[in-house]
Amino acid sequence: MAFVLGFVYILVIGAVLFSMAVLLLKGRKEKCNRIYLGCQMLVVVWCVSQVLLLLSQSELEVALSYGLGNAGICFIGALWYYFSVLYTGGALTKVRVIVPLLSSVFHYGLVLTNSRHHLYYKEFRLDHVEHGFFFYTNVLATYVFVIVGAVKLYRNLDDEQCEHGAKGLIIASVLAPVFLNAVNLSGMLSVSFDVTPLGFGISVICVLMATLKYRFLDLKRELEITNEKLILEKERNRIAQEVHDTAGHTLTMIQSYMKLAQVANQNTRQEEVAEYLLEARNLTSQGIKELRESINHLKEGAHNELVTQGVMQLANQVKEIPVEVTVKGEDSEKYSHLSRVIYDCVRESITNTLKYADASRMDIVVRFLPDCIDVMIGDDGCGCKDIVSNHGLSGIQRRIEEAGGTVRFRSDEGEGFLTRIHLPLSSKKHIF
279 MAFVLGFVYI
289 LVIGAVLFSM
299 AVLLLKGRKE
309 KCNRIYLGCQ
319 MLVVVWCVSQ
329 VLLLLSQSEL
339 EVALSYGLGN
349 AGICFIGALW
359 YYFSVLYTGG
369 ALTKVRVIVP
379 LLSSVFHYGL
389 VLTNSRHHLY
399 YKEFRLDHVE
409 HGFFFYTNVL
419 ATYVFVIVGA
429 VKLYRNLDDE
439 QCEHGAKGLI
449 IASVLAPVFL
459 NAVNLSGMLS
469 VSFDVTPLGF
479 GISVICVLMA
489 TLKYRFLDLK
499 RELEITNEKL
509 ILEKERNRIA
519 QEVHDTAGHT
529 LTMIQSYMKL
539 AQVANQNTRQ
549 EEVAEYLLEA
559 RNLTSQGIKE
569 LRESINHLKE
579 GAHNELVTQG
589 VMQLANQVKE
599 IPVEVTVKGE
609 DSEKYSHLSR
619 VIYDCVRESI
629 TNTLKYADAS
639 RMDIVVRFLP
649 DCIDVMIGDD
659 GCGCKDIVSN
669 HGLSGIQRRI
679 EEAGGTVRFR
689 SDEGEGFLTR
699 IHLPLSSKKH
709 IF
């Protein structure tokens with residue numbers, strides 16, 4: 279019987295090592311890959327301990343075998359959880375790392391010091407081993423980490439993988455060792471050996487099938503998919519920001535023109551009415567053009583004009599309140615790569631002022647320094663006690679930070695709103 283068991287365990291070890299070799303050849307040398315290889319190595323360690331246990335002739339040899347096997351038992355749940363988090367695109371935060379690691383180290387420490395307290399094994403002899411309380415807490419913790427990780431992997435499989443049956447293999451790979459371990463601990467099988475490593479052998483075979491046939495662990499493909507998702511998400515956020523800023527500014531300015539046209543009409547100043555309507559029409563055409571450019575990503579190079587050109591264009595569009603632009607220093611082409619980001623930030627500031635500030639004037643100061651541009655945008659409106667970083671302000675902050683600069687917002691009730699922007703020339707990025 280011992281010979282048959284030893285042969286079975288050796289087969290499991292061979293299957294695991296073959297699976298590790300496939301993954302080494304198929305995947306990238308990344309943290310996620312290395313952690314999964316660590317999980318498989320712990321299965322090998324566990325199986326090797328079972329072979330050594332069959333060959334043990336003394337209580338010391340049994341203790342050494344159990345000590346080796348528990349290295350796999352105590353740490354495999356934590357490693358499997360780490361792998362599932364990374365594979366599904368999550369981050370290993372301090373909490374996610376420390377909690378499983380503390381559980382593993384704590385329980386393995388109890389194994390190594392069991393002769394002093396007998397809390398992990400109540401009784402430990404050559405022919406009989408009785409489990410203690412902390413053995414079962416370790417089993418429970420391992421079950422939790424393994425099952426939580428499996429659920430994360432199950433939910434992460436794409437539709438094509440699901441259609442081909444990869445979900446069934448992944449569930450089988452998790453349930454097999456958990457089920458056999460539970461059966462072994464419950465005493466349902468009257469056998470003198472631990473059948474759990476056999477479950478992990480089944481698990482490895484299932485994962486290997488999913489890897490070879492359904493690309494479950496095709497980390498190269500997963501990296502490509504992740505990059506595609508990130509690019510798509512970045513493009514979606516870019517368009518959303520552009521639509522928010524352009525549409526918001528255009529509609530706010532049109533509303534302002536309509537308000538002025540209404541007042542002029544009430545006072546029978548028809549020339550002014552026609553002027554405001556023409557301004558609104560021109561602004562509408564410009565807004566539609568900018569939205570089209572935003573969606574089709576055509577703005578690259580479109581705003582490499584002088585910084586002051588864009589700022590003055592925006593200031594001249596505002597008719598509801600006076601906007602005074604002060605330029606200090608000399609504008610030149612060396613600042614033009616920052617014209618787009620400044621244009622977008624000034625535009626959003628004007629929009630916010632007209633919508634929320636109830637201001638009677640705005641001031642824009644642009645300082646051209648040898649190695650940077652400083653921009654101050656302020657109004658004399660109602661201000662606010664607490665500055666809430668809404669979509670507009672967060673868009674300004676994101677654009678400035680991506681351009682390598684800094685931005686500060688300052689306000690108080692009745693004290694207006696001030697935006698201070700600092701952009702170094704060393705950044706050659708264009709923000710579109």
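Numbering-wise, our numbering puts 357 at position 79 of the sequence shown, and it's gapless, one number per residue.
Note that CB positions come from ideal geometry on N, CA and C, so glycine has one too.
Tell me whether residue i is buried or exposed, calling it buried when 16 or more other Cβ atoms sit within 10 Å of its Cβ.
| i | result |
| --- | --- |
| Gly683 | buried |
| Thr604 | exposed |
| Asn392 | buried |
| Met640 | buried |
| Ser638 | exposed |
| Pro648 | exposed |
| Ser464 | exposed |
| Val541 | exposed |
| Pro378 | buried |
| Gly355 | buried |
| Asn515 | exposed |
| Phe770 | As shown, the chain starts at 279 and ends at 710. That puts residue 770 outside it, with no answer to give. |
| Phe695 | buried |
| Val389 | buried |
| Glu602 | exposed |
| Ala552 | exposed |
| Leu302 | exposed |
| Asn311 | buried |
Taking only the alpha-carbon atoms, compute the straight-line gap between residue i and residue j and give it to the nearest angstrom.
| i | j | result |
| --- | --- | --- |
| Leu447 | Phe457 | 15 Å |
| Val619 | Thr371 | 34 Å |
| Ile655 | Ile642 | 5 Å |
| Lys430 | Ser362 | 6 Å |
| Ile532 | Ser704 | 37 Å |
| Arg433 | Gly367 | 12 Å |
| Leu346 | Leu338 | 12 Å |
| Ser610 | Arg625 | 21 Å |
| Ala293 | Gly673 | 53 Å |
| Thr415 | Val666 | 47 Å |
| Ile566 | Arg559 | 11 Å |
| Val426 | Leu418 | 12 Å |
| Val685 | Glu679 | 8 Å |
| Gly659 | Gly526 | 19 Å |
| Gln675 | Leu584 | 22 Å |
| Leu453 | His395 | 33 Å |
| Ser327 | Asn668 | 59 Å |
| Asp636 | His615 | 33 Å |
| Ile709 | Val422 | At Ile709, the pLDDT of 43 sits below 50, so the modelled position is not reliable and the matter cannot be decided from this model. |
| Pro600 | Thr546 | 23 Å |
| Ile376 | Ser689 | 41 Å |
| Thr711 | Cys352 | Lying before the first or after the last residue shown, residue 711 is absent from the chain, which here runs from 279 to 710. |
| Cys623 | Arg677 | 8 Å |
| Lys606 | Gln595 | 22 Å |
| Glu441 | Tyr365 | Because Glu441 sits at a pLDDT of 46, beneath the cut-off of 50, its placement in the model cannot be relied upon, and the point is left open. |
| Ala518 | Glu568 | 13 Å |
| Leu497 | Ser563 | Bear in mind that the predicted position of Leu497 carries a pLDDT of just 48, short of 50, making it too unreliable to give a figure here. |
Please check the pair residue i and residue j, which I expect to be a contact at CB under 8 Å, by giving their CB distance rounded to whole angstroms.
| i | j | result |
| --- | --- | --- |
| Thr586 | Val644 | 7 Å |
| Val290 | Cys325 | 5 Å |
| Tyr398 | Phe413 | 5 Å |
| Val323 | Ala349 | 6 Å |
| Tyr287 | Val329 | 5 Å |
Any idea which residues DSSP pairs residue i with across the strands?
| i | result |
| --- | --- |
| Arg374 | None, per the DSSP bridge assignment. |
| Thr604 | Val643 |
| Ser689 | Phe695 |
| Pro702 | Cys650 |
| Thr684 | His700 |
| Val407 | Phe402 |
| Gly656 | Asp641 and Leu696 |
Got a sec? Which residues, its chain only, sit under 6 Å from residue i by beta carbon, not counting five neighbours each side?
| i | result |
| --- | --- |
| Ser334 | Val340 and Ser343 |
| Leu315 | Met298 |
| Gly692 | Gly661 |
| Gly588 | Ser617 and Tyr621 |
| Ile313 | Leu357, Tyr360 and Phe361 |
| Leu501 | In this prediction, Leu501 scores a pLDDT of 49, lower than 50, which makes its location untrustworthy; the coordinate-derived value is nonetheless stated afterwards. Excluding positions up to five away in sequence, the list is empty. |
| Lys663 | Glu691 |
| Ser381 | Ala419 |
Apart from the five residues on each side of it in sequence, which residues of its chain come closer than 8 Å, Cβ to Cβ, to residue i?
| i | result |
| --- | --- |
| Lys400 | Glu408, His409 and Gly410 |
| Glu608 | Phe646 |
| Lys612 | Leu703 |
| Gly670 | His522, Asp523, Gly526, Glu626, Thr629 and Asn630 |
Spatial neighbours of residue i within its chain, please: CB distance less than 7 Å, with the 5 preceding and 5 following residues excluded, ordered by chain position.
| i | result |
| --- | --- |
| Leu632 | Thr530, Ser534 and Glu598 |
| His700 | Cys650, Asp652, Gly683 and Thr684 |
| Leu538 | Tyr554, Lys597 and Glu598 |
| His581 | Residue placement at His581 is poorly supported in this model, since its pLDDT is 49, which falls under 50; the coordinates still yield a value, given next. The residues are Gly588, Ser617, Arg618 and Tyr621. |
| Val424 | Gly355, Trp358, Val452 and Val456 |
Taking 7 Å as the cut-off, is the CB of residue i close to at least one heavy atom of the ligand GTP?
| i | result |
| --- | --- |
| Met590 | Absence of the ligand GTP from the depicted structure is noted, as is the absence of any ligand whatsoever, leaving it without description. |
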